[in-house]
Amino acid sequence: MPPVGDALFTAIPAAYSHIQFVNQLTQTEDFNTYTYRNFYNGAGVGLGDLNNDGLTDIYFCGNQVENKLYLNRGNFQFEDVTEKAGVGCPGVWSTGVSFADVNGDGWLDIYVTKSGPPGGERRHNELFINQKDGTFKEQAKAWGLAEEGLSVHAAFFDYDRDGDLDMYLLNNSMRSVGGYDLRPGQREIPDPAGGNKLFRNDGDHFTDVSAAAGIYTSHIGFGLGVTIGDVNRDGWLDMYVSNDFFERDYLYLNNQDGTFTECLEGHLREISMGSMGADMADLNNDGLPEIFVTDMLPRDNRRQKTKTVFENWDKYQLSLQNGYYRQFTRNVLQFNRGKNPHSDDPAVFFSEVGRLADVYATDWSWGALIFDMDNDARKDIFVANGIFKDLTDQDYIQFYSDPNNVR
Numbered sequence: 015m016p017p018v019g020d021a022l023f024t025a026i027p028a029a030y031s032h033i034q035f036v037n038q039l040t041q042t043e044d045f046n047t048y049t050y051r052n053f054y055n056g057a058g059v060g061l062g063d064l065n066n067d068g069l070t071d072i073y074f075c076g077n078q079v080e081n082k083l084y085l086n087r088g089n090f091q092f093e094d095v096t097e098k099a100g101v102g103c104p105g106v107w108s109t110g111v112s113f114a115d116v117n118g119d120g121w122l123d124i125y126v127t128k129s130g131p132p133g134g135e136r137r138h139n140e141l142f143i144n145q146k147d148g149t150f151k152e153q154a155k156a157w158g159l160a161e162e163g164l165s166v167h168a169a170f171f172d173y174d175r176d177g178d179l180d181m182y183l184l185n186n187s188m189r190s191v192g193g194y195d196l197r198p199g200q201r202e203i204p205d206p207a208g209g210n211k212l213f214r215n216d217g218d219h220f221t222d223v224s225a226a227a228g229i230y231t232s233h234i235g236f237g238l239g240v241t242i243g244d245v246n247r248d249g250w251l252d253m254y255v256s257n258d259f260f261e262r263d264y265l266y267l268n269n270q271d272g273t274f275t276e277c278l279e280g281h282l283r284e285i286s287m288g289s290m291g292a293d294m295a296d297l298n299n300d301g302l303p304e305i306f307v308t309d310m311l312p313r314d315n316r317r318q319k320t321k322t323v324f325e326n327w328d329k330y331q332l333s334l335q336n337g338y339y340r341q342f343t344r345n346v347l348q349f350n351r352g353k354n355p356h357s358d359d360p361a362v363f364f365s366e367v368g369r370l371a372d373v374y375a376t377d378w379s380w381g382a383l384i385f386d387m388d389n390d391a392r393k394d395i396f397v398a399n400g401i402f403k404d405l406t407d408q409d410y411i412q413f414y415s416d417p418n419n420v421r
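Residue numbers (the working numbering): 15 to 421.
Structural data, given as structure tokens:
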């Protein structure tokens with residue numbers, strides 16, 4: 015075992031763990047953060063027991079490098095079995111991974127979401143079915159899950175309570191952001207190249223039931239996060255989707271009949287502007303899940319002034335007028351108040367307490383994860399943040415906005 019210090023967590027050296035994965039990114043003149051908006055959006059990591067030996071294995075997604083699968087050999091040491099398992103996904107930009115028992119045989123399967131430039135062989139999302147012998151077979155097309163949008167993540171859950179796992183696919187729009195900024199009536203227009211989707215598990219394949227279930231497949235859905243939980247404690251799983259840029263987030267309540275009602279505006283008073291990651295969990299042990307969403311507000315005053323764009327009053331009013339709701343540049347923590355005891359309305363309502371809880375400013379933030387870090391029976395919040403270059407630096411934006419400076 016590696017030495018354990020006094021800190022809550024101990025970094026395990028790669029020389030000991032044998033995990034050598036690095037998601038190395040290299041920009042070129044033709045392919046960079048300006049030609050591909052999501053260049054620095056990162057990749058995913060999956061944790062789960064893939065070989066049913068009681069140990070947690072790790073799958074890393076790569077953007078410009080091959081994905082890697084490491085089997086846990088005990089004592090925090092791992093073995094790279096990517097080639098033998100057949101799950102490397104070489105040559106394609108992978109963005110997310112989910113472990114789920116898709117076929118209900120008691121063995122976890124692997125679903126990898128893809129992004130990057132459209133086209134090319136194996137550009138579609140891939141589903142690796144566990145063969146129970148250390149190998150996997152790619153069967154996304156056979157199962158109806160070979161989507162080719164800018165997929166970010168997939169959430170597997172049993173929304174219809176029939177005993178198998180269904181899937182919500184989170185996609186980021188391929189559209190230019192500015193071209194649709196705050197135009198009215200855009201939410202209901204589907205994205206033919208992607209759009210978020212809900213797939214029902216029908217035993218040996220998945221069926222796209224997005225339209226019938228009341229799911230927005232919008233071309234302005236710049237989705238970056240999805241989290242699942244029973245918001246109103248009725249025994250049926252609900253969904254929260256966080257959207258980047260100007261589109262507001264979505265809160266889907268399960269109608270218990272195979273459909274959902276999107277009702278964010280009736281339950282949340284205010285939300286993040288550029289919503290990134292999202293997670294849902296009970297933070298105060300009252301049985302009701304809270305919702306935490308990350309944004310990009312720096313805590314430091316200097317970085318707020320030099321790296322952050324805040325809406326003026328006129329744009330904020332236009333946002334309200336055109337149906338984009340009350341959005342502000344900061345993390346939000348939605349405290350679940352449950353049902354109003356003074357009303358017959360069965361709906362739950364939330365209070366935004368991010369500033370009160372002092373979790374509102376974590377700079378350029380991505381993933382959000384709620385779990386009990388120190389085993390004190392109270393859940394904590396982890397935020398993954400940072401970016402390689404300050405793309406929103408105001409001096410830089412002013413410079414390249416002048417055509418005389420761009421050659």
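Every residue gets a Cβ at the ideal spot worked out from N, C-alpha and C, and that includes glycine.
Given the structure is predicted, the values throughout are model-derived calculations rather than measurements.
> What is the DSSP secondary structure of residue 225, counted as helix, strand or coil?
Replying inline: Looking at residue 225 - three-state DSSP - the assignment turns out to be helix.
> Between residue 76 and residue 353, what straight-line distance do the alpha-carbon atoms span, to the nearest angstrom?
Replying inline: 43 Å
> Could you give the residue range of the beta strand (DSSP E) that holds residue 63?
Replying inline: Residue 63 -> no beta strand (DSSP E), and no H or E assigned at all.
>> I'd like to know whether the C-beta atoms of residue 364 and residue 233 end up nearer to each other than 8 Å.
In response: Contact flag unset, no.
>> Using the Cβ count rule (16 or more neighbours within 10 Å means buried), how would you classify residue 407?
In response: Residue burial annotation: residue 407 is exposed, with fewer than 16 other C-beta atoms found within 10 angstroms of its C-beta.
> residue 36 to residue 80, Cα distance in whole Å?
Replying inline: 10 Å
>> Which same chain residues end up closer than 6 Å to residue 347 when comparing Cβ atoms and leaving out the 5 residues on each side of it in sequence?
In response: 306, 367, 368, 371, 373
> Any idea if residue 289 is buried or exposed, counting beta-carbon neighbours within 10 angstroms, 16 or more meaning buried?
Replying inline: By the 10 Å Cβ count, residue 289 comes out buried.
> Leaving out the 5 sequence neighbours to the left and right, which residues in its chain are closer than 8 Å to residue 410 when beta-carbon positions are compared?
Replying inline: Cβ contact annotation for residue 410 (same chain, cutoff 8 Å, sequence separation greater than five): 404, in chain order.
> residue 126 to residue 356, Cα distance in whole Å?
Replying inline: 46 Å
> Quick one: what's got a C-beta closer than 6 Å to residue 387's C-beta in the same chain, skipping five residues either side?
Replying inline: 394
> residue 97 by DSSP, collapsed to three states: which one?
Replying inline: helix
>> If I follow the unbroken beta strand (DSSP E) through residue 394, where does it start and stop?
In response: Taken as a continuous stretch (DSSP letters only), the beta strand (DSSP E) holding residue 394 covers 394-399.
>> Quick check: residue 13 and residue 283, are their CB atoms within less than 8 Å of each other?
In response: Summary: the structure shown does not reach residue 13, with the chain confined to residues 15 through 421, and so no result is reported for it.
> Okay, do the stretch 108-118 and the stretch 161-174 touch, 3+ Cβ pairs below 8 Å being the bar?
Replying inline: yes
> Secondary structure at residue 110, three-state DSSP: helix, strand or coil?
Replying inline: DSSP places residue 110 in strand when its eight states are reduced to three.
> residue 184 and residue 237 look like a contact to me (Cβ under 8 Å); what is the Cβ gap, rounded to whole Å?
Replying inline: With a contact defined as Cβ atoms closer than 8 Å, residue 184 and residue 237 qualify at about 4 Å.
> In three-state DSSP terms, what is residue 380?
Replying inline: strand
> Expressed to the nearest angstrom, what Euclidean distance is found between the alpha-carbon atoms of residue 277 and residue 255?
Replying inline: 12 Å
> In chain order, what residues of the same chain have a beta carbon less than 7 Å from the beta carbon of residue 173, not counting five sequence neighbours either side?
Replying inline: 180, 251, 268
> Span of the beta strand (DSSP E) holding residue 348?
Replying inline: 346-353
> Around the Cβ of residue 44, are there at least 16 other Cβ atoms within 10 angstroms (buried) or fewer (exposed)?
Replying inline: By the beta-carbon neighbour count (other beta carbons within 10 angstroms, threshold 16), residue 44 is exposed.
> Identify the residues that DSSP records as bridge partners of residue 123: which are they?
Replying inline: 114
> Could you give the residue range of the beta strand (DSSP E) that holds residue 159?
Replying inline: Residue 159 -> no beta strand (DSSP E), and no H or E assigned at all.
> So what does DSSP say about residue 365, is it helix, strand or coil?
Replying inline: strand
> Mind checking residue 327: buried by the 16 CB within 10 Å criterion, or exposed?
Replying inline: Exposed, since its Cβ has fewer than 16 Cβ neighbours within 10 Å.
>> How far does the alpha helix (DSSP H) with residue 328 in it extend, from its first residue to its last?
In response: 327-335
> Is residue 11 near residue 291, with beta carbons less than 8 Å apart?
Replying inline: The question about residue 11 has no answer, for the chain in this structure spans 15 to 421.
>> So within the stretch 185-217, which uninterrupted beta strand (DSSP E) runs reach at least 3 residues, ignoring any that extend past its ends?
In response: 211-215
> First and last residue of the alpha helix (DSSP H) that includes residue 254?
Replying inline: Not the alpha helix (DSSP H): residue 254 falls in the beta strand (DSSP E), residues 252-257.
>> Can you tell me where the alpha helix (DSSP H) holding residue 168 begins and where it ends?
In response: It is not in any alpha helix (DSSP H) - residue 168 instead sits in the beta strand (DSSP E) that spans 164-171.
>> My assumption, with CB atoms under 8 Å, is that residue 311 sits in contact with residue 322. Please give the rounded CB distance.
In response: 7 Å
> For residue 284, which residues does DSSP report across the bridge?
Replying inline: Residue 284 pairs with nothing; no bridge assigned.
>> Residues in the same chain with beta-carbon distance under 7 Å from residue 102, minus the five sequence neighbours each way, listed in chain order, please.
In response: 80, 81, 96
>> So, with DSSP's three-state summary, where would you put residue 321?
In response: helix
> For residue 180, which residues does DSSP report across the bridge?
Replying inline: 171
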